[in-house]
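One structure is given here, and the rest of the page talks about it.
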Amino acid sequence: MTKTPRILYCNCTYAQVVPKEVKEAVLKNLCESGVAFDAAADLCEMSARRDPSLKRLAEGGAVKIAACYPRAVKWLFHAAKADLRTDATEVLNMRVQNADEVCAALFSAELNPNLPAGKVNAADAPAPALA
Amino acid sequence: MSLRDQSTLRIVLYEGDGAQPLEATDRFAAMSALLEKGFAVTHVAGEGRVAAADRTSLLVLGRFDGGRPPQAEDADGQVNLHFRDIDGFDANRVAEIVETVRAETNAAKHGDWKPWFPVIDYDRCTNCMQCLSFCLFGVYGVDEQQRIQVQNNDNCKTNCPACSRVCPEAAIMFPKYKAGPINGDVVSDADLQREKMKVDISALLGGDVYSLLRERSEKAKSRFSKERDEKKALTERQKCLIKLAQAGDIPPEVLMSLPSPEEIARRAEEAKAKAQTALARQAI
Chain H
1 MTKTPRILYC NCTYAQVVPK EVKEAVLKNL CESGVAFDAA ADLCEMSARR DPSLKRLAEG
61 GAVKIAACYP RAVKWLFHAA KADLRTDATE VLNMRVQNAD EVCAALFSAE LNPNLPAGKV
121 NAADAPAPAL A
Chain V
1001 MSLRDQSTLR IVLYEGDGAQ PLEATDRFAA MSALLEKGFA VTHVAGEGRV AAADRTSLLV
1061 LGRFDGGRPP QAEDADGQVN LHFRDIDGFD ANRVAEIVET VRAETNAAKH GDWKPWFPVI
1121 DYDRCTNCMQ CLSFCLFGVY GVDEQQRIQV QNNDNCKTNC PACSRVCPEA AIMFPKYKAG
1181 PINGDVVSDA DLQREKMKVD ISALLGGDVY SLLRERSEKA KSRFSKERDE KKALTERQKC
1241 LIKLAQAGDI PPEVLMSLPS PEEIARRAEE AKAKAQTALA RQAI
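Here you go:
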């Protein structure tokens, strides 16, 4: 039986770099959906603390993370000694994606792993969404 | 106590067996209030999986059947479990209850420190130690394999991305920075060129911006001590700091709070020595 990917939402509480309307809309959708999910106030803070929860979050198999840039998320977890699996992690970037895109990906049964492996350069950037 | 030594309180908003579900609006309000106060919250419902419990304290909130929170404990005795019934409570009251339990359990208080610190992209890092020799605040160190690492992230100066500017590989991120590639966005060729240029600028300034600051400070001191015009001296220092802030994108308040020129020189030497030792050990 395939396990549904877990969901982790980061509220980026201690900075204003994620648009407020995006993070609020994503959290609202998660709450309205009734699904189980983990929410971090701020992944950066958890990483700085080496919060043991990050290890649990990383170890539990497939996960979709609504946060910021995949490269930043990958190395924030690494810094907390909680490496994410590159083949089982999809990061949705609330700094650049809108709430509809993020929610569609979070609630989709499909997992599209997108953690960078190796040097990331411009050629690795996702193609812009079609209008 | 360092950040890493503090325990945290994990909150579970429980809506599974033995508890009544919350209205979606109440759930959102409670989640938002707790996240804004810095707590990690897990929503447990019938559908979906969440991370397993760990050895931190766990506070389980819910509208428990009969208004009675369950009496339960962790069979292994590793998780410190607490239950609170929140039936009829608004988000503010829920946040108050959580804060009370946090204080009772001596768990970390959130929000006292803005989590601003460098995050190293080891896919890009070449272990050149430029960051270690540049940082005056002891943020960087090396592990047993002489690999660069962030050791004291709470020593980092909030909003200062200066060390990422001296990294020739754009391997240092500050996820809360406004722009790429420092914020974790992909690194373009143009970014790499720009980063190289910044290293050159830094070299032209005499090794690093702090050295320039020291020199300018000394010059200003001697010039203005003759003129005995403290106000002019201060203006000159501020002008210099503004220029530096623009060159390195360093917040003026960080530069204004730098230690004395002598202390800067001492710390710079110390950091360089640490980097040289690490590089020498790498070569063995």
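Keeping their order, the protein sequence lines are chains H and V.
So for the first sequence, the numbering used here puts the first residue at 1; every next one is plus one.
So for the second sequence, the numbering used here puts the first residue at 1001; every next one is plus one.
For every residue, glycine included, the Cβ atom is placed at its ideal position computed from N, Cα and C.
### Message
Going by the DSSP bridge assignment, what does D1085/V pair with across the sheet?
### Response
Walking along the second sequence from the start, residue 1085/V turns up at place 85. Per DSSP, G1062/V.
### Query
With 16 other CB atoms within 10 Å as the buried threshold, where does E90/H fall?
To locate residue 90/H, count along the first sequence from 1; it is residue 90. E90/H comes out buried.
#### Entry: Run of the beta strand (DSSP E) containing E90/H, from where it starts to where it stops
Locating residue 90/H in the first sequence gives position 90, counting from the first residue. Per DSSP, E90/H belongs to the beta strand (DSSP E) from T89 to N93.
### Message
Between the alpha carbons of E1144/V and S108/H, how many angstroms are there, rounded?
### Response
Locating residue 1144/V in the second sequence gives position 144, counting from the first residue. Locating residue 108/H in the first sequence gives position 108, counting from the first residue. Going by the C-alpha atoms only, they are around 43 Å apart.
### Task
Pull up the CB-CB distance for A67/H and C103/H, whole angstroms please, since I reckon it's below 8 Å.
For the purposes of this step, residue 67/H is taken as the residue at position 67 of the first sequence. For the purposes of this step, residue 103/H is taken as the residue at position 103 of the first sequence. That belief does not hold up - the Cβ atoms of A67/H and C103/H are roughly 14 Å apart, past 8 Å.
### Extent of the continuous beta strand (DSSP E) run through T1126/V
The residue labelled residue 1126/V in the question sits at position 126 within the second sequence. Neither: T1126/V is in no beta strand (DSSP E) and is coded neither H nor E.
### Contact check, V1139/V vs G1184/V, beta carbons under 9 Å
On the second sequence, position 139 is the one that residue 1139/V refers to. On the second sequence, position 184 is the one that residue 1184/V refers to. No; because the gap between Cβ atoms is not below 9 Å, this pair is not in contact.
### Task
My understanding is that A41/H touches A1040/V, with C-beta atoms under 8 Å, so please give their C-beta distance in whole angstroms.
For the purposes of this step, residue 41/H is taken as residue 41 along the first sequence, with counting starting at 1. For the purposes of this step, residue 1040/V is taken as residue 40 along the second sequence, with counting starting at 1. 6 Å between Cβ atoms; contact.
### Secondary structure, alpha helix (DSSP H): runs of 4+ residues fully inside the segment 1158-1190 of chain V
1162-1166
### Message
Across the segment 79-95 of chain H and the segment 43-50 of chain H, are there enough close Cβ pairs to call them in contact, namely three or more that are closer than 8 Å?
### Response
yes
### Task
Measuring alpha carbon to alpha carbon, tell me which of T1056/V, G1046/V and F1083/V ends up nearest G1062/V.
Along the second sequence, read from residue 1 onward, the residue named residue 1062/V stands at position 62. Ranking the options by Cα distance to G1062/V, first place goes to F1083/V.
### Euclidean distance between Cα positions of K55/H and E1262/V
On the first sequence, position 55 is the one that residue 55/H refers to. On the second sequence, position 262 is the one that residue 1262/V refers to. Cα to Cα, the separation comes out at about 43 Å.
### Task
Name, please, each residue of chain V whose Cβ falls closer than 9 Å to the Cβ of K119/H.
For the purposes of this step, residue 119/H is identified with residue 119 of the first sequence, where counting begins at 1. The contacting residues are D1121, D1123, R1124, E1169 and V1187.
### Message
Classify K3/H: buried if its beta carbon has 16 or more other beta carbons within 10 angstroms, exposed otherwise.
### Response
Sequence index remark: in the first sequence, residue 3/H carries index 3 (1-based). So K3/H ends up on the exposed side.
### Message
Under 8 Å: do the segment 1270-1277 of chain V and the segment 1184-1193 of chain V share three or more Cβ pairs, one atom per stretch?
### Response
Three or more Cβ pairs closer than 8 Å define a contact, and the segment 1270-1277 of chain V falls short of that threshold against the segment 1184-1193 of chain V.
### Task
Assign K64/H to one of three DSSP states: helix, strand, or coil.
As a working note, residue 64/H is residue 64 in the first sequence. Strand, per DSSP.
### As assigned by DSSP and simplified to three states, the class of Q1193/V
Numbered from 1 along the second sequence, position 193 holds the residue referred to as residue 1193/V. If DSSP states are grouped into helix, strand and coil, Q1193/V belongs with the helices.
### Query
How would you list, in chain order, the residues of chain H whose beta-carbon sits under 8 Å from the beta-carbon of Q1006/V?
The residue you call residue 1006/V lines up with position 6 of the second sequence. Below the 8 Å Cβ cutoff, chain H contributes R49 as neighbours of Q1006/V, in chain order.
### Three-state secondary structure assigned by DSSP to T1042/V
If you number the second sequence from 1, residue 1042/V lands on position 42. T1042/V falls in the strand class under three-state DSSP.
### Query
Can you tell which of A15/H, Q16/H, D87/H and L43/H has the C-alpha that lies nearest to the C-alpha of V63/H?
Taking the first residue of the first sequence as position 1, residue 63/H is located at position 63. If we check each option's Cα against that of V63/H, D87/H comes out closest.
### Message
Could you compute how far the alpha carbon of Q16/H sits from the alpha carbon of L27/H?
### Response
Translated into positions along the first sequence, residue 16/H becomes position 16. Translated into positions along the first sequence, residue 27/H becomes position 27. When rounded, the distance between both Cα atoms is 16 Å.
### Task
Could you round the C-beta distance between P1069/V and D1090/V to whole angstroms and report it? I think they count as a contact, below 8 Å.
Position 69 of the second sequence, counting from 1, holds the residue named residue 1069/V. Position 90 of the second sequence, counting from 1, holds the residue named residue 1090/V. Incorrect: roughly 19 Å between the Cβ atoms, too far for contact.
### Message
With H, G and I counted as helix, E and B as strand and the rest as coil, what does DSSP make of D38/H?
### Response
As a first step, residue 38/H must be located in the first sequence, where it is residue number 38. Under the three-state reduction of DSSP, D38/H is assigned to strand.
### Message
Considering only their Cβ atoms, is the gap separating L106/H from L92/H smaller than 9 Å?
### Response
If you number the first sequence from 1, residue 92/H lands on position 92. If you number the first sequence from 1, residue 106/H lands on position 106. Yes, the Cβ-Cβ distance between L92/H and L106/H is below 9 Å.
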